[in-house]
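Notes follow the structure.
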Ligand code: MOS
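Numbering (this note's numbering), first residue to last: 11 to 730.
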């Protein structure tokens, strides 16, 4: 067998649309997910969740439940194994689940107070539902609203700078030709992936072995090792197939509970969350109350840009929904101020949810820009052209590449923007008022250290080992294309191994950083392997393996503003007599570096845009003030876009070369959501002449707003 990979006919595969390498396994049911993988002697755990929002759990009397059929153990704060509650954690602070079964505190409705383990899942559930837990209740506060008296500026929150400021916003507001000063709100929203969270833990010859569904098994293994004071090498986490995650699949209570039970029972224990349990246990997007103040010259050039955003956090740990980061990238002004504030409430800890920060932040900023365009009498796209910054507005750093205006240009051409009558409320078709709107999109293009190994096998195939997480995005397929390109072979000769912490540390599938991070490591290892193979000689039975670690190369990257960009376009039809809003068209054009696999990339963009539509019109989790819990916490009660709500969605991209970049790839997982809700709200304004600053744009809100507009047009005050 020759070792040469040079192939005169090879023209490259990155950029060619390929179906998923595991696609056949998935559609035939051969792909098994974490909750389905069989184990001998498997026991099943069922979580018991608190029914009060704040207080203490009284000593748990588990005698009656222990006598029920099949029940093996009941773990709770009185008997569960102790963990290191002061551990450092991957983000420099303990994970929100750190207190699980460690004390009697109840911080919110839905906090796990016990785990019942039995021979079968049904027995565990029956016993869990029979367990009577008593509480000493305390008064709770779950009410989030703008101007909450408890709002404070967080310090030392991981990954987010609380505040940035330059210039004098007040002074610019006083002397500017045009001012926008408005409040925007977004509700609590939930990611609830198709595959519920599931973990099986067991001890295997002194090693902790966990089969899980997560976004990064290196991360989950490292957190568990710290939490249980274990040597990192003695923890293995596998996560072969993941049915969606969206920020919710890190370390959650079920993995910790499964490890505790497996340790106590010395048997494999599986804990699967029900869909209802996912609502309080796996994080969510905080509601936001945002205030934007813009000051502009007569031509729309910004003189002041201010974005203050309040979100909520739990009493367990701080989490910041970083909505105000968007303006730090998108818009400069002489005076520039961005601020995050938190309100601590007796609610579950929020977390990253697809496009954390930018999704709600872009609704406020990109709506406010549209309001400014209206006031100045400038086209919304022209306004953005006029305010395009040369360098990072806060950092002063150059952009690695910034092709947002190319996105607007291409989008405007394809959407037919030039024919748009700027006046609101003038297009009518039967009962429908029609309007179009646009918004910018951006999301960071970060990178995290990763290791990879690429092996040339004696049979002429190659094996790529990288602890990527394929959470449904097509990560395996993308990495096969990246490796194939370097090795100059067809991708069907590449075998992918992902989703196993024993493969070595790698970046999580999060923050739109996976593909860029893993591709870098795969490119380095494949490149080195190619060089070794070029030397000639045979391949030994164990193959020839080249390894990479990108940590040093990442450390040597010059400081720059690195982001993906995009432009969103929406057409909305509004019936102001029923309050119905239908989105007729969505178009997203993106600049996101090299698109590795157009087939799966387009799916990612369209999926994100569908989230944006759902955010604009449907989604809101309602918290019951009396009980502190969610109303209708399931996929029937939590309203989101259904098939009939989703129109033709087009997503495409422009060339986005990143000069000097060693990877050439940016992230695409989250940017599809960004700006869509604003584009739709702007289209609803264009259709009706009424601004909606509160999401979702529900029929009752459309009706009330239309009624108020009619009254004020008739010279009477609203509600008179
Ligand atoms: Mo994404 S919300 O960082 O998984």
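Every residue gets a Cβ at the ideal spot worked out from N, C-alpha and C, and that includes glycine.
Spatially closest choice to residue i from the options, by CA coordinates
| i | options | result |
| --- | --- | --- |
| residue 444 | 511, 92 and 586 | 586 |
| residue 534 | 492, 217 and 574 | 492 |
| residue 627 | 673, 580, 660 and 636 | 580 |
| residue 252 | 569, 85, 513 and 519 | 519 |
| residue 630 | 296, 324 and 499 | 296 |
| residue 50 | 301, 211, 578 and 293 | 211 |
| residue 683 | 663, 364, 596 and 310 | 364 |
| residue 77 | 57, 136 and 102 | 136 |
| residue 709 | 664, 133, 230 and 583 | 583 |
| residue 617 | 638, 305, 652 and 644 | 652 |
| residue 170 | 66, 691 and 329 | 329 |
| residue 142 | 70, 127, 198 and 283 | 70 |
| residue 325 | 350, 335, 358 and 345 | 358 |
| residue 159 | 166, 165 and 151 | 151 |
| residue 146 | 128, 178, 140 and 67 | 67 |
| residue 260 | 223, 277, 242 and 29 | 223 |
| residue 467 | 555, 603 and 572 | 555 |
| residue 541 | 232, 576, 465 and 46 | 465 |
| residue 384 | 31, 30 and 696 | 696 |
| residue 25 | 504, 607, 258 and 232 | 607 |
| residue 299 | 115, 334, 654 and 633 | 334 |
| residue 633 | 270, 177 and 355 | 355 |
| residue 664 | 680, 387, 478 and 423 | 423 |
Closer than 7 Å: residue i CB and nearest the ligand MOS heavy atom
| i | result |
| --- | --- |
| residue 255 | yes |
| residue 363 | yes |
| residue 205 | no |
| residue 199 | no |
| residue 672 | no |
| residue 520 | yes |
| residue 366 | yes |
| residue 233 | no |
| residue 276 | no |
| residue 225 | yes |
| residue 629 | no |
| residue 680 | yes |
Test item: CB-CB of residue i and residue j under 8 Å
| i | j | result |
| --- | --- | --- |
| residue 95 | residue 81 | no |
| residue 456 | residue 523 | yes |
| residue 707 | residue 591 | yes |
| residue 448 | residue 610 | no |
| residue 489 | residue 481 | no |
| residue 462 | residue 685 | no |
| residue 307 | residue 209 | no |
| residue 678 | residue 420 | no |
| residue 285 | residue 55 | no |
| residue 502 | residue 248 | no |
| residue 303 | residue 191 | yes |
| residue 183 | residue 314 | yes |
| residue 319 | residue 347 | no |
| residue 656 | residue 705 | no |
| residue 198 | residue 294 | yes |
| residue 3 | residue 57 | What the structure shows of the chain is the stretch from 11 to 730, and residue 3 is not part of that stretch, so it cannot be assessed. |
| residue 126 | residue 62 | no |
| residue 436 | residue 174 | no |
| residue 691 | residue 373 | yes |
| residue 288 | residue 254 | no |
| residue 310 | residue 393 | yes |
| residue 671 | residue 410 | yes |
| residue 292 | residue 207 | yes |
| residue 53 | residue 129 | yes |
| residue 111 | residue 144 | no |
| residue 228 | residue 516 | yes |
| residue 417 | residue 536 | no |
| residue 316 | residue 701 | no |
Beta-carbon separation (whole angstroms), residue i vs residue j, contact threshold 8 Å
| i | j | result |
| --- | --- | --- |
| residue 64 | residue 180 | About 39 Å; that fails the 8 Å criterion. |
| residue 434 | residue 725 | At roughly 20 Å, the Cβ-Cβ gap does not stay under 8 Å, so residue 434 and residue 725 are not in contact. |
| residue 620 | residue 659 | 7 Å |
| residue 498 | residue 20 | 4 Å |
| residue 264 | residue 240 | Rounded, the Cβ-Cβ distance is 18 Å, inconsistent with contact. |
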